[in-house]
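2 protein chains.
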Amino acid sequence: MVQKYGGTSVGSVDRIHNVAARAVAAQAAGNEVVLIVSAMAGETNRLLDLARRVTELPDRRELDVIAATGEQVSSALVAMAIQSQGGKARSFLGHQLKIRTDSAFTSARILAIDAEALRQSLKHGSIAVVAGFQGVDDAGNITTLGRGGSDTSAVAVAAAIRADVCEIYTDVDGVYTADPNVCPGARKIERISYEEMLELAALGAKVLQRRSVEVAMKYGVPIHVRSSFSDAPGTWVVGEEAGLESVVVTGVTSDKSEARVMLVAVEDRPGVVATIFGALAAENISVDMIIQNASSDATGRTDVTFTAAKSELDRVDKVVQAVAEQVGAREVRFERDIAKVSIVGLGMRSHAGVAARMFDILFREGINIQAIATSEIKVSCIVAAKYAELAVRALHDGFGLDRPTTTG
Amino acid sequence: MVQKYGGTSVGSVDRIHNVAARAVAAQAAGNEVVLIVSAMAGETNRLLDLARRVTELPDRRELDVIAATGEQVSSALVAMAIQSQGGKARSFLGHQLKIRTDSAFTSARILAIDAEALRQSLKHGSIAVVAGFQGVDDAGNITTLGRGGSDTSAVAVAAAIRADVCEIYTDVDGVYTADPNVCPGARKIERISYEEMLELAALGAKVLQRRSVEVAMKYGVPIHVRSSFSDAPGTWVVGEEAGLESVVVTGVTSDKSEARVMLVAVEDRPGVVATIFGALAAENISVDMIIQNASSDATGRTDVTFTAAKSELDRVDKVVQAVAEQVGAREVRFERDIAKVSIVGLGMRSHAGVAARMFDILFREGINIQAIATSEIKVSCIVAAKYAELAVRALHDGFGLDRPTTTG
Chain A
321 MVQKYGGTSV
331 GSVDRIHNVA
341 ARAVAAQAAG
351 NEVVLIVSAM
361 AGETNRLLDL
371 ARRVTELPDR
381 RELDVIAATG
391 EQVSSALVAM
401 AIQSQGGKAR
411 SFLGHQLKIR
421 TDSAFTSARI
431 LAIDAEALRQ
441 SLKHGSIAVV
451 AGFQGVDDAG
461 NITTLGRGGS
471 DTSAVAVAAA
481 IRADVCEIYT
491 DVDGVYTADP
501 NVCPGARKIE
511 RISYEEMLEL
521 AALGAKVLQR
531 RSVEVAMKYG
541 VPIHVRSSFS
551 DAPGTWVVGE
561 EAGLESVVVT
571 GVTSDKSEAR
581 VMLVAVEDRP
591 GVVATIFGAL
601 AAENISVDMI
611 IQNASSDATG
621 RTDVTFTAAK
631 SELDRVDKVV
641 QAVAEQVGAR
651 EVRFERDIAK
661 VSIVGLGMRS
671 HAGVAARMFD
681 ILFREGINIQ
691 AIATSEIKVS
701 CIVAAKYAEL
711 AVRALHDGFG
721 LDRPTTTG
Chain B
321 MVQKYGGTSV
331 GSVDRIHNVA
341 ARAVAAQAAG
351 NEVVLIVSAM
361 AGETNRLLDL
371 ARRVTELPDR
381 RELDVIAATG
391 EQVSSALVAM
401 AIQSQGGKAR
411 SFLGHQLKIR
421 TDSAFTSARI
431 LAIDAEALRQ
441 SLKHGSIAVV
451 AGFQGVDDAG
461 NITTLGRGGS
471 DTSAVAVAAA
481 IRADVCEIYT
491 DVDGVYTADP
501 NVCPGARKIE
511 RISYEEMLEL
521 AALGAKVLQR
531 RSVEVAMKYG
541 VPIHVRSSFS
551 DAPGTWVVGE
561 EAGLESVVVT
571 GVTSDKSEAR
581 VMLVAVEDRP
591 GVVATIFGAL
601 AAENISVDMI
611 IQNASSDATG
621 RTDVTFTAAK
631 SELDRVDKVV
641 QAVAEQVGAR
651 EVRFERDIAK
661 VSIVGLGMRS
671 HAGVAARMFD
681 ILFREGINIQ
691 AIATSEIKVS
701 CIVAAKYAEL
711 AVRALHDGFG
721 LDRPTTTG
């Protein structure tokens with residue numbers, strides 16, 4: 321089995337020993353055990369701050385060299401803790417497991433894992449402690465997988481060794497229908513499909529990195545999200561076939577990490593949006609929602625709006641200012657005070673009118689909708705940031721998520 | 321050229337920028353520049369303390385995984401600083417340069433360096449910033465080279481790329497005839513031979529790791545030890561042929577890092593010392609002086625004494641207690657309050673009576689000599705720790721080291 325422990329779970333010497341004890345117990349129960357560990361809580365931020373004190377725009381290759389040390393340290397500390405409890409263990413770094421990624425520094429994607437070294441280690445009865453979040457590209461450069469990347473490391477390793485389960489240990493005890501801090505009626509979800517989890521992860525539920533769910537879905541790895549501070553079962557993330565009850569809406573999320581960017585009155589001709597988003601893609605900047613209407617007047621001009629992470633806004637600004645003239649934009653506007661509120665559920669596929677019901681619930685609360693994006697199993701609305709919590713509670717109530725019978 | 325910067329030289333963001341500026345200037349002056357950097361001052365101790373809080377006897381393989389992160393971080397920070405000053409730079413870790421070592425974790429020896437990646441990088445006009453202190457063994461495990469190991473990294477890299485000079489930047493401005501804190505009359509040495517420097521390094525002069533001098537001597541790499549806070553020339557460490565004036569004694573050192581271990585009344589038969597020191601060697605414990613007399617009485621028993629680093633004493637104790645019974649030792653005694661005081665000089669080869677003069681100088685100060693060890697170009701005496709400074713000053717005066725004309 322694969323067990324992944326996040327930063328708070330390895331955040332102190334005591335907690336590291338707690339993780340070691342869990343791993344030793346899991347092995348004693350007859351499992352082959354592979355651990356994936358994050359950096360100790362706060363360590364990644366400390367390292368990135370150090371880099372930013374040296375230069376405001378640090379090179380991303382070098383940033384990854386620094387950031388990867390957080391997991392390097394915690395993997396060795398956990399291995400030592402297991403040894404001190406009488407177990408056998410050894411640490412593995414990204415380059416030692418040949419966790420091969422592309423070269424998109426700070427947000428690389430795993431391409432392949434050579435599981436041979438792991439298999440050898442397991443065969444010798446040793447617990448393997450893998451540094452999460454990191455890999456190497458073809459040239460041997462160190463890469464990191466972006467925030468939450470250790471989740472993806474864990475699922476990818478689980479897929480590579482064909483583990484029965486990938487347990488994700490965290491400081492909450494599972495995935496909830498909404499953030500319990502915002503919505504007192506929120507309930508823990510027992511089982512959820514990869515597709516729904518994918519949308520929830522993409523929409524601001526912090527419990528799993530989105531990419532990790534994609535990999536789990538692709539390779540059919542069951543994920544069990546649970547607390548490292550208790551033995552209670554958490555939330556299983558599984559394939560649709562695995563006996564899920566169909567509900568219309570499974571969860572409600574909100575996300576304030578994005579900002580809205582509007583290029584005002586760009587020329588409405590072929591190639592314009594390709595220019596804008598091609599330039600952003602060339603800088604490896606992820607764009608989320610994109611909204612563009614055909615021009616409705618005689619000016620032949622239209623507005624192009626998109627959302628992107630606030631943390632990327634400095635880089636977005638540079639790119640957009642550079643292309644603004646090229647596409648004849650009259651102005652570029654940034655709006656930071658927004659939230660994206662979303663509902664997710666497999667049941668939307670077969671139930672018509674779910675989006676309309678969402679708009680109605682928000683309307684009744686007097687919340688103006690600035691933009692809308694939909695997929696097969698989710699609806700997202702951009703609203704003013706100040707309404708985020710109100711919107712989540714209203715939607716959670718409106719779709720009856722507090723009623724325990726509706727989710728399996 | 322190769323420039324190596326120690327922990328104090330990269331100990332803060334300002335100092336990192338100072339190092340970057342020096343490197344950029346050296347490149348602008350027409351040099352191909354390779355930097356070797358240590359961990360930021362205090363960082364290695366912080367990391368090792370963290371490990372010791374997890375377990376009192378941490379596994380050495382895992383300890384190296386942790387310790388290596390200090391240099392990993394500083395190499396990337398220095399590369400970033402150079403970039404922010406308009407230069408081209410990239411960091412290289414031990415496994416990226418294939419700095420191949422044996423598997424003696426925490427005190428590994430460099431076996432080979434693949435300089436191809438460095439040559440490529442230099443050819444592109446980039447300053448290479450190499451993480452010192454670290455390498456990889458044949459199995460891809462991370463190893464470290466022991467305290468001061470970055471000096472050895474630097475000299476080995478200089479040898480691999482056939483650099484004209486290996487500059488070792490430190491917080492002192494060169495090698496002195498004695499520790500200026502102990503001996504006010506101590507002078508900076510302008511040129512010193514590899515052989516003498518080797519003895520000084522082995523005898524407690526902290527300015528260069530001993531192994532680095534061995535490598536420099538083997539490959540004929542000129543070392544220039546100098547201050548990172550000034551432009552004044554420091555001390556050149558060179559081959560004997562390079563115009564050194566012959567003086568009887570070049571330097572005086574003292575070293576309180578060792579303890580004396582005595583196995584009392586062991587059986588005086590073949591194989592006994594092999595058993596004792598074989599067991600220590602099997603644990604990779606370095607022993608310094610070894611003193612054994614033939615048994616002088618009818619008991620057929622003798623005392624075996626040796627010195628070893630105080631920091632290794634816990635491990636020494638385990639090994640020695642295990643073999644003590646085997647060799648029939650009546651008792652094992654440890655003495656921590658000792659110092660090794662030494663004189664070093666090429667001139668001893670051709671001048672008789674240097675050792676006798678040393679004993680006489682110590683005798684006149686009322687200092688008892690507990691043990692003696694000599695080599696072709698050094699004499700060391702073990703004395704009570706409290707006499708260490710007095711002994712150094714007396715020897716420095718007695719051999720006329722304060723007179724500037726005697727050293728070239």
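Chain order of the listed sequences is A and B. Under this note's numbering, think of the first position of the first sequence as 321, with each following residue one higher. Under this note's numbering, think of the first position of the second sequence as 321, with each following residue one higher. Cβ atoms here follow ideal geometry from the backbone N, Cα and C, with glycine treated the same way.
Using a cut-off of 7 angstroms between C-beta atoms, extract the partners of residue i located in chain B.
i      : result
A:M400 : A371, V374, T375, P378, D379 and E382
A:T389 : T389, Q392 and V393
A:R342 : Near A:R342 there are no residues of chain B at all, since even the closest Cβ is about 15 angstroms away, more than 7 angstroms.
A:S411 : E382 and V385
Starting from the beta carbon of residue i, find every residue of chain B whose beta carbon is closer than 9 angstroms, and list them in chain order.
i      : result
A:A361 : Near A:A361 there are no residues of chain B at all, since even the closest Cβ is about 14 angstroms away, more than 9 angstroms.
A:V592 : Within 9 angstroms Cβ-Cβ: nothing; A:V592 doesn't reach chain B, min ~34 angstroms.
A:V333 : L370, R373 and V374
At a CB-CB cut-off below 8 angstroms, which residues of chain A make contact with residue i?
i      : result
B:T464 : Per Cβ cutoff of 8 angstroms: no residues; B:T464 is ~12 angstroms from chain A at best.
B:F415 : Sequence check: residue 415 of chain B is His here, not Phe. Here the neighbours are H415 and G460.
B:I386 : Q392, V393, A396 and L397
B:I336 : V374
Sorted by chain position, which residues of the same chain lie with C-beta nearer than 6 angstroms to residue i's C-beta, five sequence neighbours on each side aside?
i      : result
B:Y707 : I687
A:D458 : none
B:L721 : T497
B:A483 : M321 and V322
A:S411 : S395, A396, A399 and V449
A:I702 : I658, K660, Q690 and A691
I need the straight-line Cα distance from residue i to residue j, nearest angstrom please.
i      : j      : result
B:G667 : A:Q416 : 50 angstroms
B:V330 : A:R580 : 41 angstroms
B:D493 : B:A525 : 14 angstroms
B:V664 : B:R507 : 15 angstroms
A:Q440 : A:L413 : 15 angstroms
A:T622 : A:Y496 : 40 angstroms
B:V674 : B:V568 : 8 angstroms
B:I658 : A:T328 : 46 angstroms
A:A644 : B:R420 : 51 angstroms
A:Q612 : A:G571 : 28 angstroms
B:M360 : B:G390 : 7 angstroms
B:I692 : B:E578 : 14 angstroms
A:A705 : A:A629 : 14 angstroms
B:L682 : B:N501 : 20 angstroms
A:F549 : B:R546 : 53 angstroms
A:S573 : A:D499 : Position check: residue 573 of chain A holds Thr in this sequence, whereas Ser was assumed. Between A:T573 and A:D499, the C-alpha separation is close to 7 angstroms.
A:I336 : A:A401 : 7 angstroms
A:V593 : A:D434 : 40 angstroms
In chain order, what residues of the same chain lie with their CB nearer than 7 angstroms to the CB of residue i, ignoring the 5 residues before and after it?
i      : result
B:E603 : R635 and V639
A:D384 : F425, T426, I462, T463 and T464
A:A522 : R530
B:T364 : A387 and G390
Where DSSP assigns a beta bridge to residue i, which residues make up the other side?
i      : result
B:H337 : Bridge partners of B:H337: none, in fact.
A:D575 : A:K660
B:Q612 : B:V624
B:S411 : B:V449
A:H671 : In the DSSP output, where bridge partners are listed per residue, A:H671 has none listed.
B:Y489 : B:Y325 and B:R546
A:S695 : A:K698
What residues in its chain sit with their C-beta under 8 angstroms from that of residue i, if we drop five residues either side in the sequence?
i      : result
B:A346 : M321, Q323 and V353
Run down chain A in chain order and give the residues with a C-beta less than 9 angstroms from the C-beta of residue i.
i      : result
B:L355 : Near B:L355 there are no residues of chain A at all, since even the closest Cβ is about 13 angstroms away, more than 9 angstroms.
At 8 angstroms on the CB atoms, spell out the chain B contacts of residue i, in chain order.
i      : result
A:L583 : What A:L583 touches in chain B: nothing, since even the nearest Cβ is about 31 angstroms away.
A:L442 : None at all; the shortest Cβ gap to chain B is about 17 angstroms.
A:L367 : V393
Stretch-stretch touch, CB-based, cutoff 8 angstroms, three pairs: the segment 462-473 of chain A with the segment 518-537 of chain A:
Result yes; three or more Cβ-Cβ pairs closer than 8 angstroms.
Cβ contact check for the segment 343-357 of chain B and the segment 474-486 of chain B: 3 or more pairs under 8 angstroms
Enough Cβ pairs lie closer than 8 angstroms, so yes.
Within 8 angstroms, do at least three Cβ pairs link the segment 648-661 of chain B to the segment 584-593 of chain B?
With three or more CB-CB distances shorter than 8 angstroms, the segment 584-593 of chain B counts as touching the segment 648-661 of chain B.
Give a yes or no on contact between the segment 510-520 of chain B and the segment 546-561 of chain B, applying the rule of three or more CB pairs nearer than 8 angstroms.
The segment 510-520 of chain B vs the segment 546-561 of chain B: in contact.
Decide if the segment 430-444 of chain B is in contact with the segment 334-350 of chain B; the criterion is three or more beta carbon pairs, one per stretch, under 8 angstroms apart.
Judged by Cβ distances under 8 angstroms, the segment 430-444 of chain B makes no contact with the segment 334-350 of chain B, as fewer than three pairs qualify.
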